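The structure appears right after this line, and notes come after that.
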Amino acid sequence: MSKLSEQDIEAKLLHFPDWEYYDNAIHAEFEFENFKDCFSAMSRIAFECEALNHHPDWSNVYNILTISLSTHDANGVTNKDFKLAEAIETIVEPDEE
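Positions in the sequence shown are counted from 1; adding 2 to them yields the working numbering.
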């Protein structure tokens, strides 16, 4: 999978308003009602990561989930990152289209 140009990344981010590009990765932060809801979302995201064989750099503190996506093999952001970001968006914000 080839690394996307900064221009391509910025264009794709127009469809991902919760995400930003910096430090050679796309980043998002999500706030949940409580720790249980946050951890539940992380568990659902983990299944998507395994299915795509692509894994985020992420952390959580109580009800905040912070995610960074990049493709290490390509040394930058690829379409694989946007595919995972789309799956994450579906999990954390299922009612928004």
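Ideal placement from N, C-alpha and C gives every residue a C-beta, glycine not left out.
If you're wondering where the values come from, they're calculated on a predicted model, not measured in any experiment.
Among the candidates the options, whose CA atom is the shortest distance from the CA of residue i?
i	options	result
D20	N26, A30 and I11	A30
I69	L16, N77, E88 and K14	E88
S42	N55, K82, N65 and T73	N65
V63	Y24, F18, D39 and L16	D39
Mapping DSSP to helix, strand and coil, what is residue i?
i	result
L16	coil
N62	strand
E8	helix
Below 8 Å on the Cβ atoms is my contact criterion, and I expect residue i with residue j to pass it. Report the Cβ-Cβ distance as a whole number of Å.
i	j	result
F32	L86	That belief does not hold up - the Cβ atoms of F32 and L86 are roughly 14 Å apart, past 8 Å.
Alpha helix (DSSP H) containing residue i: first to last residue?
i	result
E52	F37 to L54
E91	N81 to V94
Hey, quick one: how far does the beta strand (DSSP E) through residue i stretch, first residue to last?
i	result
F32	A27 to E33
DSSP beta-bridge partners for residue i?
i	result
L67	F32 and N62
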